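Per the working numbering, the sequence shown runs over residues 4 to 214.
By construction, the Cβ of each residue, glycine as well, lies at the ideal position given by its N, Cα and C atoms.
Note that the structure is predicted; figures quoted are calculated from it, not measured.
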Amino acid sequence: MTDQTFGKNRRSILLLITAGLVLMLVSTLSYFSANPGLVSHTTTGTQAAAPSGQQMPTSAGMDEATQQGVMALMQKLQKNPTDLEALVGLTEHFMHTQDWQRAETFALRAVVAAPNETQPLYMLGIIQHSQNRNAEAAASLEKVVAAKEDPSVRYSLGILYAYYLEQPDKGLEQLQKALDNPNTPADLKKAVAEEVTKIKEHKNHTPQQAQ
């Protein structure tokens, strides 16, 4: 069985994802502020501008600026259904509100619209993990590193495999790739090395606990 220390470590990816969501929210709100021309000044007009078949989000829990910003992004999608900036912005918004179904809808559209971009795939992986669909999350993140090497994504993959999918060897493989990358920042390399040690210790300790 998993010991208490291992269980606590397992939650570390959630802290990483939470920090990522905060950064995404900041970038989305900054986008709204930097693009005031996108904000509609009439609610009726923006509701009518929603893409065909796409229900507009409700205003509950959103301040006026955010609500208008979301509507403006919907308007952009009406004009261009594959507008990557709008798709990513809406994905980030719904990730922040933890509306995972809508977030996944826009993330998948972004992946189709820009198959060579890694950000939509990374967001899709976070969304899938947040719904406890960890095998799918790992598959999405594997596609990210296949397209573009990223030690932070390797770290996330290592955590997913070792703690959530109970595949410590695959987790160690991903973490080792992050360690071997000369571009890995020192603080991340330290965190990766600590996880490698914990996973190896757990692997050696678990058989002794089994009855």
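Nearest residue (CA-CA) to residue i, options the options
i: A186; options: A165, L111, E197, K151; result: Sequence inspection shows Asn at residue 186; the Ala mentioned does not correspond to that position. Among A165, L111, E197, K151, the Cα nearest to that of N186 is on K151.
i: S155; options: P171, Q131, H132, A194; result: A194
i: P123; options: A138, V114, L168, K82; result: V114
i: G92; options: Q134, E67, F109, A165; result: F109
i: A141; options: K203, Q177, N119; result: Q177
i: F97; options: M77, K82, L175; result: M77
i: A116; options: N83, M74, D66, Q170; result: N83
i: R112; options: E169, M126, N135; result: M126
Burial state of residue i, where buried means 16 or more other Cβ atoms lie within 10 Å
i: K79; result: buried
i: T200; result: exposed
i: A106; result: buried
i: D172; result: exposed
i: E95; result: buried
i: A165; result: buried
i: Q71; result: buried
i: T85; result: exposed
i: A68; result: exposed
Cutoff 6 Å; reference residue i; Cβ partners in own chain excluding five residues on either side
i: N184; result: P154
i: Y158; result: A181, V195
i: Y167; result: N137
i: T121; result: V147, A150, K151
Close Cβ partners of residue i (< 7 Å) along its chain, the five nearest in sequence each way excluded
i: E197; result: none
Neighbourhood of residue i by C-beta, 8 Å cutoff - its chain only, sequence neighbours within 5 removed
i: Q131; result: E107, N137, E139, A140, S143
i: L175; result: G161, A165, V199, I202, K203
i: N119; result: A150
i: W103; result: F97, I130, S133, Q134
Okay, do the segment 140-148 and the segment 186-200 touch, 3+ Cβ pairs below 8 Å being the bar? no
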